[in-house]
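Visitor: Handing you a structure now.
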Amino acid sequence: LEKKDIATQIVGKMDIVCGRGESYDGFPGNQFFRNLIQGYANSYSSTETTRSEKSIVIRTISKQLKHRNVRFIKRNHEEGWAVLEEKEVYIKV
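Set out below in structure tokens:
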């Protein structure tokens, strides 16, 4: 994903809106993301999971999101909305 201004676009139903607080919890994309993450929580959090296995889990989740054209976006007060770069998405996942 490239970081770019999307101020003129509407936030999509499956977009994951980055931010703090309950105001972002209700977005359908955020709810989908939480459910997806919960499905991998046990395997990721296991004490037996190696660092490389955790990276595989993150990449798997990222691929699923990309396959569904889900974007991570954040409010950019100067320009409206901005799509996060892949490195930023990896950190969020």
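Every letter in the sequence shown is one number past the one before it in this note's numbering, and letter 91, counting from 1, is 706. In this text, a Cβ means the ideal position worked out from N, Cα and C, and glycines have one as well.
Quick one: grab the DSSP three-state call for K678.
Guide: helix
Visitor: DSSP state of N684, grouped into three classes?
Guide: coil
Visitor: In terms of residues, what are the limits of the alpha helix (DSSP H) holding G695?
Guide: No alpha helix (DSSP H) contains G695, which is instead part of the beta strand (DSSP E) from G695 to V698.
Visitor: Could you name the residues of the same chain whose beta carbon sits closer than 7 Å to that of V708, not counting the 5 residues immediately before and after it, in chain order?
Guide: I673, I676 and S677.
Visitor: Provide the residue(s) that pair with K689 in DSSP beta bridges, ordered along the chain.
Guide: C633 and A697
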